[in-house]
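This note's numbering runs 1 ahead of the 1-based position in the sequence shown.
Backbone N, C-alpha and C fix where the C-beta goes; we use that ideal spot for every residue, glycine too.
One structure is given here, and the rest of the page talks about it.
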Amino acid sequence: MTDLTADQDAVRSYLCDLAPEARLITVHLGETKNAMLDHQKMPMAAKTLCEELVAAACLLSHMLKFDGEMILQIKGSGPITMMVAECSSAGRIRSTAQWTKVGAASTFTDLVGTGYLAVTVNPIQGERYQGIVPLESSSISGCLNHYFEDSEQLNTKLWLASNQSTVGGLLIQRIPEEGGQSLQGHLNWETLSTLANTITDHELASDAGPLLIYKLFHELDPRGFDPCTIKFGCSCSRERSARALRALGETELEQLFAEQPTLTLDCHFCGQVYQYDQADLEWLLSDQPPRSDTLQ
Ligand SMILES: [Zn+2]
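In structure tokens:
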């Protein structure tokens with residue numbers, strides 16, 4: 002590996018010639034995470050957790066290699082009541098959170114309380130799948146490692162860390178051989194796990210890319226594959242926001258418009274504002290697409 006820079010916001014995978022039974026995935030996010038969250042004005046503690054959650058979504062999306070969206074959602078009893086992070090197979094990420102008064106809460110457990118983390122695979126084609134793990138660990142990575150232990154037949158571990166300007170993640174997974182069985186290679190798998198455990202949060206947050214892989218695994222001859230660039234983007238649309246209004250039903254919609262001339266729906270992910278007035282009521286109550294003159 003000659004290019005060791007990790008300044009690109011990307012997820013990358015690697016194989017080691019001397020440890021062929023495992024693959025490695027890194028994610029590094031800098032400017033993208035700020036573009037994704039800066040407009041949301043959330044408390045710093047919530048922002049940091051959203052960054053780690055989206056980094057984890059990038060790792061899991063890349064690990065599973067499917068066309069569609071990987072969605073990680075935390076719901077808990079703490080001051081951060083909900084967090085969600087998505088990564089599409091095209092590398093589009095978005096994240097948001099809901100919170101009450103965060104105050105002095107600073108640890109993961111204090112911030113989210115008790116609840117669960119849901120891992121949702123939403124493929125473009127095929128069935129949606131969801132797995133759940135309780136919030137019984139002191140970090141997002143801890144919860145996900147529990148999830149892997151409970152649900153994955155393949156050994157999988159991940160690490161996450163962030164600082165003010167970047168967030169990084171590393172995932173290692175044992176590769177199944179043909180027929181679905183894991184290769185027998187305990188020595189190398191254990192070596193990889195042991196080496197990965199030597200990462201410091203500082204290294205992971207700032208160098209999660211070829212440089213980190215080289216630092217940790219250079220004796221195993223790692224080879225990197227083409228990076229998948231990560232970018233912030235939102236899948237919201239006027240039509241999608243209208244669905245939320247349609248779900249209220251005719252009577253309630255008519256009542257709302259009788260009370261106020263304009264209904265406003267904000268997308269929490271990107272800040273886009275969608276407005277509807279009395280003239281939109283007819284198509285809202287039909288299955289028609291938005292009137293072209295009101296498209297935003
Ligand atoms: Zn949006």
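Of all the options the options, which has the alpha carbon lying nearest to the alpha carbon of residue i?
| i | options | result |
| --- | --- | --- |
| serine 36 | Ile94, Pro135 and Val274 | The sequence shown places alanine at residue 36, rather than the serine named in the question. Nearest of Ile94, Pro135 and Val274 to alanine 36, Cα basis: Ile94. |
| serine 62 | Gly234, Ser89, Asp208 and Gly31 | Ser89 |
| aspartate 68 | Pro124, Gln74, Lys42 and Leu30 | Pro124 |
| phenylalanine 270 | Asp281, Cys237, Leu249 and Ala243 | Cys237 |
| lysine 102 | Val113, Thr230 and Ser152 | Val113 |
| glutamate 191 | Leu118, Glu22 and Glu251 | Glu22 |
| aspartate 227 | His40, Ser14 and Leu246 | Ser14 |
| serine 287 | Ala243, Gly127 and Leu25 | Ala243 |
| glutamine 9 | Cys17, Ile231, Ile200 and Trp284 | Ile231 |
| glutamine 273 | Glu240, Trp284 and Glu260 | Glu240 |
| isoleucine 133 | Leu118, Gly127, Ser142 and Glu70 | Leu118 |
| threonine 252 | Cys235, Leu282, Gly234 and Ser96 | Leu282 |
| methionine 43 | Ala209, Ser142, Gly104 and Trp160 | Gly104 |
| alanine 209 | Glu255, Gly234 and Leu159 | Leu159 |
| leucine 38 | Ala245, Phe233 and Gln256 | Phe233 |
| isoleucine 173 | His40, Leu60, Met45 and Gln41 | Leu60 |
| glutamine 41 | Lys66, Ser96 and Thr33 | Ser96 |
For residue i, I'd like the list of residues in its chain whose CB is within less than 7 Å of its CB, leaving aside the five on either flank, ordered along the chain.
| i | result |
| --- | --- |
| aspartate 278 | Pro262 and Thr263 |
| serine 163 | Thr49, Glu52, Glu53 and Ala206 |
| cysteine 229 | Ala11, Val12, His63 and Gly92 |
| threonine 115 | Gly77, Ser78 and Leu136 |
| glycine 181 | With a pLDDT of 48 at glycine 181, under the threshold of 50, the modelled position of this residue cannot be trusted, and the question is left open. |
| serine 138 | Cys144 and His147 |
| arginine 298 | Any property of residue 298 remains undetermined from this structure, which presents the chain solely from 2 to 297. |
| serine 152 | Gly132 |
| leucine 257 | Leu264 |
For residue i, which residues from the same chain have a beta carbon less than 6 Å from its beta carbon, with the 5 sequence-adjacent residues on both sides left out?
| i | result |
| --- | --- |
| threonine 121 | Ile72 and Gln131 |
| proline 83 | The amino acid at residue 83 is misidentified as proline; the sequence shows methionine. Here the set comprises Lys76 and Gln99. |
| glutamine 276 | Thr263 and Thr265 |
| leucine 16 | Arg24 and Arg224 |
| phenylalanine 109 | Ser139 and Ser140 |
| alanine 106 | Pro80 and Leu112 |
| phenylalanine 149 | Thr157 |
| aspartate 267 | Val274 |
| glutamate 70 | Glu87, Ser89 and Asn123 |
Who are the near neighbours of residue i in its chain, counting only those whose CB is closer than 8 Å to its CB and skipping five residues on each side?
| i | result |
| --- | --- |
| aspartate 294 | Its pLDDT being 45, under 50, aspartate 294 is placed unreliably by the model, and nothing is read from it. |
| histidine 203 | Ala162 and Asn164 |
| leucine 213 | Ala7, Thr27, Gly169, Leu171, Ile200, Glu204 and Leu205 |
| leucine 19 | Asn189, Glu220, Leu221 and Asp222 |
| alanine 46 | Ile81, Val103, Ala106, Ser107 and Leu112 |
ask   = Mind pulling the alpha helix (DSSP H) runs of 4 or more residues that sit fully within the stretch 26-89?
value = Secondary structure remark: continuous alpha helix (DSSP H) runs of at least 4 residues inside the stretch 26-89, in chain order: 32-38 and 45-65.
task = When you get a sec, list the residues whose CB is within less than 5 Å of any heavy atom of ligand 1, chain order please.
result = Cβ atoms closer than 5 Å to ligand 1 belong to Cys235, Cys237, Cys268, Phe270, Cys271 and Gln273.
ask   = So does the stretch 75-82 actually touch the stretch 55-65, counting three or more Cβ pairs closer than 8 Å?
value = Short answer: they don't touch.
Sequence ranges, alpha helix (DSSP H) only - wholly within the stretch 172-243, length at least 4 = Listed in chain order, they are 187-197, 202-208 and 211-218.
request  = Check whether the stretch 169-176 touches the stretch 24-35, taking contact to mean three or more Cβ pairs, one atom from each stretch, closer than 8 Å.
outcome  = Touching, yes.
key: Three CB pairs or more closer than 8 Å across the stretch 195-206 and the stretch 215-223   = Judged by Cβ distances under 8 Å, the stretch 195-206 makes contact with the stretch 215-223, as three or more pairs qualify.
ask   = Taking the runs of the beta strand (DSSP E) that are 3 residues or longer, which of them lie wholly in the stretch 99-130?
value = Listed in chain order, the complete beta strand (DSSP E) runs (minimum 3 residues) inside the stretch 99-130 are 116-124.
key: Runs of alpha helix (DSSP H) lying entirely within the stretch 245-292, each at least 4 residues, in chain order   = When DSSP assignments are scanned along the stretch 245-292, the uninterrupted stretches of alpha helix (DSSP H) that are 4 or more residues long and fall wholly within it turn out to be 251-260 and 282-285.
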